[in-house]
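Chains as they are written, first to last, in the working numbering: chain A, 1 to 361; chain B, 362 to 722; chain C, 723 to 1083; chain D, 1084 to 1444. Beta carbons are placed, not taken as given, at the ideal position from N, Cα and C, and that holds for glycine. This report refers to the structure that appears directly beneath it.
4 protein chains.
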Amino acid sequence: MSSVWGKNIKVSVFGESHGNGIGVVIDGFPAGLAYNEEEILAYMKRRAPGGRFATKRSEPDIPRVLSGIFGGYTTGAPICAVIENTSQRSSDYDLTVPRPSHADLPAVLKYSGFADLRGGGHYSGRLTAPLVFAGALAVTALKNKGIHVGAHLSSVGDDDYGCFDPMKVDAELLERMKEKELPIIDTGAWERFADKIETVRKDGDSVGGIIECAVVGVPVGEGGHMFESVEGRLASILFGISGIKGVEFGRGFDISRGLGSEMNDGYASCEDRIVPISNNCGGIAGGMTTGAPIVFRVAMKPTPSIAKEQDSVNIHTGENVKLNIGGRHDPCIALRAVPVVECAAALAIFDILLDPPAVIE
Amino acid sequence: MSSVWGKNIKVSVFGESHGNGIGVVIDGFPAGLAYNEEEILAYMKRRAPGGRFATKRSEPDIPRVLSGIFGGYTTGAPICAVIENTSQRSSDYDLTVPRPSHADLPAVLKYSGFADLRGGGHYSGRLTAPLVFAGALAVTALKNKGIHVGAHLSSVGDDDYGCFDPMKVDAELLERMKEKELPIIDTGAWERFADKIETVRKDGDSVGGIIECAVVGVPVGEGGHMFESVEGRLASILFGISGIKGVEFGRGFDISRGLGSEMNDGYASCEDRIVPISNNCGGIAGGMTTGAPIVFRVAMKPTPSIAKEQDSVNIHTGENVKLNIGGRHDPCIALRAVPVVECAAALAIFDILLDPPAVIE
Amino acid sequence: MSSVWGKNIKVSVFGESHGNGIGVVIDGFPAGLAYNEEEILAYMKRRAPGGRFATKRSEPDIPRVLSGIFGGYTTGAPICAVIENTSQRSSDYDLTVPRPSHADLPAVLKYSGFADLRGGGHYSGRLTAPLVFAGALAVTALKNKGIHVGAHLSSVGDDDYGCFDPMKVDAELLERMKEKELPIIDTGAWERFADKIETVRKDGDSVGGIIECAVVGVPVGEGGHMFESVEGRLASILFGISGIKGVEFGRGFDISRGLGSEMNDGYASCEDRIVPISNNCGGIAGGMTTGAPIVFRVAMKPTPSIAKEQDSVNIHTGENVKLNIGGRHDPCIALRAVPVVECAAALAIFDILLDPPAVIE
Amino acid sequence: MSSVWGKNIKVSVFGESHGNGIGVVIDGFPAGLAYNEEEILAYMKRRAPGGRFATKRSEPDIPRVLSGIFGGYTTGAPICAVIENTSQRSSDYDLTVPRPSHADLPAVLKYSGFADLRGGGHYSGRLTAPLVFAGALAVTALKNKGIHVGAHLSSVGDDDYGCFDPMKVDAELLERMKEKELPIIDTGAWERFADKIETVRKDGDSVGGIIECAVVGVPVGEGGHMFESVEGRLASILFGISGIKGVEFGRGFDISRGLGSEMNDGYASCEDRIVPISNNCGGIAGGMTTGAPIVFRVAMKPTPSIAKEQDSVNIHTGENVKLNIGGRHDPCIALRAVPVVECAAALAIFDILLDPPAVIE
C-alpha cells in the first residue's frame, strides 16, 4: 500500500505539505513502552528545518498524540500523531510547470490532475516528519533492548568525511553523533562542509550526499529467508524516503569489485561464541544478522528544488519554458535526512525483531 | 513472509538445495497469457549451471507445471511449477563448520539446528531457479504489452564493461543481450572477462560483479507514494536474490556526488508529450515512472564458496579451524545472476502494473 | 494488523473512547471521487447516539479531514479524518471490575494493564464512527457505478420484521431504508419495536438483533478463489464490528437445513444474459458474485452494558462482586449498527472491485 | 490473494481437480515440529472420499513432501506438499452448461473462458485436501501446547444431533470425535443419519449440514483489536472452504434473540484466576479469547452436484436446457467437511498464537 509500511507493525503516513495536517498511525506497536516525549521531540528537531545548514523556513513540528499513549505508556492500540500545518495556503492551485526531478509530472498525469501537489503534496520531504515520530518510538524501544541505531553524513558531493569502522562502531559513537549539529566523523571536515554548503547556497544550487547508518546490538539470526532478508526489509522502507536513489550493505558496491578471498567474513571463537572476524557483509549473511554491526549506506540525491534556471514545459500550452523556483531550499537535504534514515532503520529492525519465533515453542 | 513476495501477485518459493524438489507458486497471475514454454526454458537455461564460464555441475532444471496452465494459457488459478532434485543425497548431515559469508552460521543458530542446510538448503542460489520460472512468465506478459526487460554484466571485479545509455537503451538492445553467452556491452572485453574468470578459477577464488538492468516501455506514472515507490518494490525483490548487497537507481551513488543543476532531469515538449531530457534518476521520480527507461544496478558479491583456505570454527568443539570447501563453484556468480535480476525486475514491474487504477473509474 | 483492514485499500482505524480523538486513515483510495460531505455526515448521523431509540448521550461526531481531499475531490493520497473527543475525562483510571461480555478482562490481561480501557478504549463501539466515515466514501463511490448498499433491522430479540426478497431487492428500496428513523421493512411493526425498546430500557436490560444487508448492481464474477471469496472478505471486516457474533450469506444457516434440489440456484436465459432463477446463495457462488443481489445477515449481540446487577470479580482482591453499570446505554445497539454494517460492506465491495483484472490486458 | 491465507504463516493452496496435481506451500511455519506423518494421513483419510456415507470415488490422496521437513522435523523453510492427480483426464474440455450453485458460470465469465473448470477446477472441494495437510500440521503443533481442536456434525438437514456444552467441552471429547466414522454427539442418531443419507442418495439429491467446532486450551487474551479479532480471522479462512455459507460464534444468531441479562457472560473467581461463568460468546469477547472454549458453527450447503434434473442454459447457444449431472457425488458434503473445518480452525488459531507479543519485552 502506498504509504503503509511494515509486517508486524503497520506504519501509515498521511498528509500533504500544504494540507490541514500530516501525521502517522502506528498499528501493532506493543504496549508498555514508556513514552519519552523529550527524546521524540529531539529526533524531530534534528530533522526539522531551520538549522544553520538547512533551509531557513520555520516549521514548529510539534506532534500531537491522539491515541495509543495513556498514562505515559504505549497501550497496544494504534498510536496516532498529528502535526498541524499552521501556515495554511490558498486552495487555489494549478500545477502549470512541473519541476524537474520532482514528483510533479508523473503525479499530475497519474492522478489526472486530482493530486494536491502544493509544495510537493504527499510527495514532499515534509512527510518524513511523521516517519521520524514513528521511528523515534522504535529507537527508544530498541535502546531499551540494548540496540542502538545511529547515522552520519559520510560524504557530500565529492567530499568524503569518513565511514564507520564496521567492526568497531558502537553505541557510544552512535549516540555521540546524535548530539552533533553536523553529524560527521571527521571533525576536521566541519569547515569544508560549511564552505561547500555556503558555495552551493550562493549558487542557487544543491548537492547530494551519502548517509551511513549502523545498528549495533542486534542478536545473531534475525531476519530471514529470501524476501524477509534484513537487506530487503530495510531497503523497502528506506526507498520510501524521498530522494534516496541507492542502498548498499556492508561494502556494498565495492564488494562486487573484490575477490571472495578478500570479501568473505571468516569466523573465530570468542568467549564461547562464534563471531565474524571481519564485516564486509554489513552484519548480514544469508539475509540474517551475523551479530556484527549492521552497516549500510544510502545515496541521497541533491535537493531537486534549486534556484538555477531549469528546462521544463508548460503542461497546458505544451511550450518549452525556463523555470525558476523561488523560495528557500535546503542546499543539502542529505544532512536533514540523517535522522530520517535512522528512524526508518529503527522501524525496520524493530519490525524484524517482532517476527514470530523461528523455532516452535 | 519469508519466501513470499508481491502485492498483487504472490510469488511463493519453496525447496532446499538437496531436498526432494524446489519450486514456486504464483498466485494472482491473470488468466489468458499464452504459456511460452520455450521462452521460459530459455530463461532457465541462461541461469542454469554448466556454461563455459560457470560451474561444471549439471542440473537439468526442467520445471514441471502442476497447475494454473491449461490448454496453453494461464487460467487465473495459482500456477505451481516444481523442479525435482534428481540427485538425492543422504539425509545424514551435520553442519560442523559454517562456511564464511554463507547463511550457515546464522541459520543454524536461528533454527536451533533444525534447518536443512545441505548445499545451502533454502538459502542456496539454486532457489533462484523457481524465481526465474515465475519471472519468465512476467517477462512474456510484459513483452506482450511492449515492455522489455534486459540486463547485462556491467563490471566484474575492477573491470568495467560499460553501462547502458539511460536515454537510448531500447528493446532491441535488451533482447540482443539475451542471445549472448556473455551479456556484456563492450564486446571487446570478452577476452578480458575470460581471462579474469580463468585466473580466478585457477586460484580457487571468486569475484564479484555489477549487473545493470533496464526496463523500457513502462508508461509514465506507474508506482506510487512512499513505500509503493518503484525503487522500493524493485529493491524488495532484488534483495531476495542471494548475494546482492547493493541496489542503485539511475546514477545512484554517483548522483549523491553531484549538484542539483547537474543531476536534475529537465523536461521538453516532444510530439504532444512532455519527456525528460536526461535520465539521471533511472526513469523514476517521486517513486513513479517518468516514461524514460528504468535503469538500475545491483552489486553482487563474489561467490562465497571458494577453494582457498578460510577461517572458521567447529561449532561442536568451539575450536578455530581452517576450512577448505571442495566441489566446483562458480567463479563469478554475477554472470548467472543476470537473468535472475531480469526476472525479479519483471515480476516487480508486472506487479506494479497490476495496481488498482489511480483515478476512480 | 489489528485495526488495519483491506487488500487494495488499507483502512486504519485509531483512537480510544476517552482519548484525544478517534479517526481513520484510508490509504490507496483512488483520486477523483467528488467529496460529498453532506452524504458522509448523513451516514455518521445515522450511527450517532441521540435518536429516539438510542442512548441519550450526545456526541457531535464531526469528522475533520486532514488530508487526501483537495478542491472537492479525493486526491489519491491517504485520506485522514479525525473526530476530536470533546468531553475529555480524567486520565486517572483503574479497571477494577471487568464488565461481563466486554473486552475489559481479556484486554487488561493481554496488555498487562497498559491498555486504555476508559469507556471501552479502542474496543468501544465508538470506533465504528471512523469506520462509517471511510465506508460512506465507499458508498458514494459505489453509487457512482450504479451499485447500492443498504441494510435494515431484520429482527430484534424474538420479533421478526421481515427480510429482503433476495431476487427483488433493488436500489430504490435500499435507499428508502436510509431515510427512515427506524429501518425496518414491516412498517406495521414500528410500534412493536418501540414497545420492546421501552420495556428493555425500563428493565435496565438490552436486546440483540439481526441486520440484513444487500448490495445490488455488482457485476458477475467479482471476488475470487478460496480466501478471496466475497464471503470471506465481507466477513473479515464485519467481524471487526464490535458485537457481531454471526454472519450468513443468502439463506445461510437455513441452507444447511435443505436439500440440494431446493437450494441450488438454477439459471435461465434473459436478454442475452444468463441469470440465476433463484438466489438462495446470497448472490455468491464459488466465492464470486453471480449477478443477483448480494444478501447477508449479521447477528448482533445485546449491548453488554446493562443496568441490571451482574456477576464479576474485583481483579485486585480476587473477590466475587456484584456489578452495577451506571450511565445511559443503548437498549438495542443493533439499530445503530445498521449504517455501520452498510459501511463495512461498502468498503469490502469497493476493495473487491479494485482487484486486478482477472484476464491479462 | 486468492488462495493465500494467513498473517504470520502463509498458506498457499494450488491445483485443479483434473490437473497434474494439487498441493500447498506453508511459509513461515516454525522449525522444530516433529513431523507426524501418521497423524497427517489420518486427517487426510477422514476428509478423503470413499467412506460408507460419502462418494464412492477413490482418491488415494497421499501427499508427497517436497520441502521444509528434514530429519523428521520442520526446518523453518517453506513446506511444500504435493498430491499428484493420478487419474489424468483429457485436456479437451468445454464448459457448455454451467452447473447450478457451482463456480462454473461466474468463473467462466470472470476468466473469459481461460479457467480450467474440469471437475470444478481450482474451485473443487478437492482443494480442501492440501488445506487439511497444512491444518493437520497446525493441529499437531497446537496439541503439543495442550490445545485441542475438534468438530462434529451438529445437524443434517432438519435433523439435530446435539451441540457441545460450551462450558464443558474438553480435549477428551474432541479427540474421541476424531475416532468415529460418524462424528456426532447423539450416538442414538446414527441410524437416523444413515437413513437420511440413504434416502437422499436414492433420490439423487443432497442435503446440507451444520458443523460445530471447538478449540480448548487457548490462553486468555489471544486475538486482538477490530480486524484481528479471533472471529474475523477464523471466518476469513472458514469462508475459503467451498460450500460454507454461514459462521457463528458462541450462541451466534441465537444471541441476537436474547437479552443482555441472559447473554452476558459474568465472571467468578476460581483458583486465583477470573473465569467466565457462562460461555454464550463462544470463548471470545472484544475479539479476544476469554479462556473458555472457543466454539463456533458453520453452515454447509447441500452438495450442489445432484442427479436430479436442473435448470441451466447452454452458454454457447443461450438456450434454456435441462441439466442432468452424472457421476457419484457426496449426498452430504458436510460430513467430509468436519476435518476440513478443524484444520482451518487449527491454522487460524496457530496463526493467532504466532502474533507478536502484546507487551514490549
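- Per DSSP, D:Cys1415 is not a residue of any beta strand (DSSP E), being assigned neither H nor E.
- Secondary structure of A:Met226 (DSSP, three-state): helix.
- In the DSSP assignment, A:Ser12 falls within the beta strand (DSSP E) that extends over 10-15.
- Note that the C-beta distance between A:Ser12 and C:Ser734 is below 8 Å.
- Contact check for A:Ala299 against A:Gly246 passes: the beta carbons are separated by less than 8 Å.
- Looking at the backbone, the Cα of C:Thr909 and that of D:Lys1279 are separated by about 41 Å.
- Residue pairing for B:Trp366: DSSP places it in a beta bridge opposite B:Val372.
- As the crow flies, the alpha-carbon of B:Lys539 is around 19 Å from that of B:Glu552.
- Taking a 10 Å sphere around the C-beta of B:Asp519, we find fewer than 16 other C-beta atoms and assign the residue as exposed.
- Counting only runs of 3 or more residues that sit fully inside the stretch 424-493 of chain B, the beta strand (DSSP E) segments are 425-428, 440-445, in chain order.
- By the CB criterion at 8 Å, D:Arg1182 and D:Ile1327 fall outside the cutoff.
- With fewer than 16 other beta carbons inside 10 angstroms of its own, D:His1399 counts as exposed.
- The C-beta distance from A:Pro357 to A:Gly291 rounds to 18 Å, too long to meet the 8 Å contact threshold.
- When 7 Å is used as the limit between beta carbons, B:Val674 is near these residues of chain A: Tyr267, Ala268, Ser269, Ile274, in chain order.
- Taking C-beta separations shorter than 6 Å and ignoring five residues to either side along the sequence, the partners of D:Gly1245 in its chain run Ile1268, Asp1269, following chain order.
- Taking CB atoms only, C:His844 has a neighbour in chain A less than 8 Å away.
- By alpha-carbon distance to C:Val819, the top candidate from C:Ile762, C:Ala1059, C:Asn1042, C:Leu956 is C:Asn1042.
- Non-local C-beta neighbours of B:Met405 in its own chain, meaning closer than 6 Å and more than five positions away in sequence, comprise Asp422, Val493, ordered along the chain.
- Taking C-beta atoms as the reference points, D:Leu1220 and D:Leu1116 count as a pair closer than 8 Å.
- Look at C:Cys885 here: in three-state DSSP terms it is coil, with no helix or strand label.
- Look at C:His947: its C-beta is under 8 Å from a C-beta on chain B.
- Around the beta carbon of A:Cys281, a 10 Å sphere encloses 16 or more other beta carbons of the protein chains shown; the residue is thus reported as buried.
- Taking 8 Å as the cut-off, the beta carbon of B:Arg408 is found closer than this to the beta carbon of B:Val701.
- If you draw a straight line from the Cα of B:Glu703 to the Cα of B:Asp615, it comes to about 23 Å.
- The C-beta distance from C:Cys802 to C:Val747 rounds to 5 Å, short enough to meet the 8 Å contact threshold.
- Residue pairing for B:Met624: DSSP places it in no beta bridge.
- For the pair A:Leu153 and B:Tyr628, the CB atoms are not nearer than the 8 Å cut-off.
- Using a Cβ-Cβ cut-off of 8 Å, B:Val372 is close to nothing in chain C; its nearest Cβ partner there is about 14 Å away.
- For A:Leu182, no beta strand (DSSP E) encloses it, and the DSSP letter there is neither H nor E.
- The beta-carbon distance between B:Ala705 and D:Ala1160, rounded to whole angstroms, is 20 Å. This is too long to meet the 8 Å contact definition.
- From the beta-carbon of A:Val156, no residue of chain C is found nearer than 8 Å; the closest lies around 31 Å away.
- Per DSSP, the unbroken beta strand (DSSP E) holding D:Asp1110 starts and ends at 1104-1110.
- Residues Ile1327, Val1330, Val1381, Ala1427 of the same chain have their beta carbon placed closer than 6 Å to that of D:Leu1321, with the five preceding and five following residues left out of the count.
- In this structure, the beta-carbon distance from A:Asp355 to A:Ile9 does not fall below 8 Å.
- Listed by position along chain A, the residues whose Cβ is nearer than 9 Å to that of D:Pro1302 form an empty set, because the closest Cβ is around 13 Å away.
- Taking C-beta separations shorter than 7 Å and ignoring five residues to either side along the sequence, the partners of B:Glu400 in its chain run Ala497, Thr501, following chain order.
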